[in-house]
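Residue numbers 818 to 1088, in my numbering, belong to the letters of the sequence shown in order. In what follows, a single structure is set out as structure tokens and then discussed.
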Amino acid sequence: MSRKFKQADYETTANISIRLGEALPANHLARFVVDVVSQLDLSPIYQRYKAVGGVAIAPSVLLSLLFYGYATGRFSSRKIEKATYEDLGYRYVAGGLHPDHDTIAHFRKTFLPELQGLFVEILLLAKLAGILKVGNLSLDGSKIHADASKSKAVSYGRLVELEKQLQDEVKQLFELGEQADQGEATLPEGLVIEDEIAFRKVRLENLANAKAILEARAKERYEQEQAEYDAKLKVRKEKVKKQGKKPRGKPPEPPKAGPNEKDQYNFTDPD
């Protein structure tokens, strides 16, 4: 008796309707990219678009495609365009649109400084939310150690330090993108960004809360320090009136807005 085999039904398979929401798991990189880009301030890019002209592809979509492409090893704008038809992750990130490679390449070239900054911000957000794991994120294969995964707390100073490192890596990523469009790029050994990023909805929500709390704390401290500064200036002016000469000592320094280097947020114990 001969062995029986299950045969593929290609005609039926070709006509299957796929629901991307079911095909892509909750921890898929494509979902993370779309959600994190929605939190970024893209107004400087939107403002540079002219009021007249045809209906343009939204910058948020093009940014998401570029980041997702670079994170999955596709640097060529032609390959990214092709993937919006053939790859489920790209179809999701593109939101059903199919920007041509000229549009993608032009967007990257036109907004290069802004895009590099946004790429760094995306990676920092992932790091702050605990989404980045220890692994080969660096182009040279070195490790970025997730201190936040140990203490669940990240200082502003540490983020500044990490930002400088990521800026260099993102710059190299964009250089690879340019080379890929010219058919010269090869993926560097150790670049496995896709393996480093896993989306967790609750973590992204915690990140939004953490950002709001840190900003509120910084604003409250700044207002308090500004009031103290104004009071010191008032006293100093009154002394000048009474004494008719400049008081001794250095004048008080105005407070600086924004978080300090030691400001931090602890995800396990926000208080």
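No residue lacks a Cβ here, since even glycine has one placed at the ideal position from N, Cα and C.
Residue i versus residue j - alpha carbon distance
i: TYR902; j: LEU914; result: 9 Å
i: ARG925; j: VAL1057; result: 57 Å
i: THR927; j: LYS1036; result: 34 Å
i: PRO916; j: GLN996; result: 20 Å
i: VAL937; j: ARG1038; result: 27 Å
i: GLU1055; j: PRO1064; result: 10 Å
i: GLN933; j: GLY870; result: 26 Å
i: GLN1060; j: ALA1074; result: 33 Å
i: ALA831; j: GLU1032; result: 51 Å
i: ALA825; j: ILE835; result: 18 Å
i: GLY838; j: GLU1040; result: 46 Å
i: ARG820; j: ASP998; result: 50 Å
i: ILE939; j: ALA900; result: 22 Å
i: VAL987; j: GLY1066; result: 46 Å
i: LYS1062; j: LYS1051; result: 15 Å
8 Å CB neighbourhood of residue i in its chain, flanking five on each side removed
i: ALA873; result: TYR866
i: TYR863; result: PRO876
Contact set for residue i: own chain, Cβ-Cβ below 6 Å, skip 5 residues either direction
i: THR829; result: none
i: GLY886; result: ILE897
i: ALA840; result: LEU905
Of the listed residues the options, nearest to residue i (C-alpha basis)
i: TYR909; options: ASP985, THR927 and PHE849; result: PHE849
i: ASP852; options: GLY1066, PHE884 and LYS1073; result: PHE884
i: GLN1043; options: ASP998, PRO1069, GLN1060 and ARG1053; result: PRO1069
i: VAL854; options: ALA911, ALA1074 and LYS821; result: ALA911
i: PRO930; options: LEU941, LYS899 and PHE991; result: PHE991
Same chain only: Cβ atoms within 7 Å of residue i, ignoring 5 sequence neighbours per side
i: LYS1049; result: PRO1069
i: PRO1071; result: TYR1046
i: GLN935; result: First, the amino acid is wrong: residue 935 is Leu here, not Gln. Only LEU857 and LEU880 meet the Cβ criterion.
i: ARG1053; result: PRO1064 and PRO1068
Exercise for review: Would you check if there are 3 or more beta carbon pairs closer than 8 Å linking the stretch 896-910 to the stretch 843-853?
Suggested key: yes
Check your understanding: Can at least three beta-carbon pairs, one atom from the stretch 873-881 and one from the stretch 857-864, be found at a separation below 8 Å?
Key -> Short answer: they touch.
Point to revise | Touching by the beta-carbon criterion (3+ pairs, under 8 Å), the stretch 884-902 and the stretch 916-930 | key: yes
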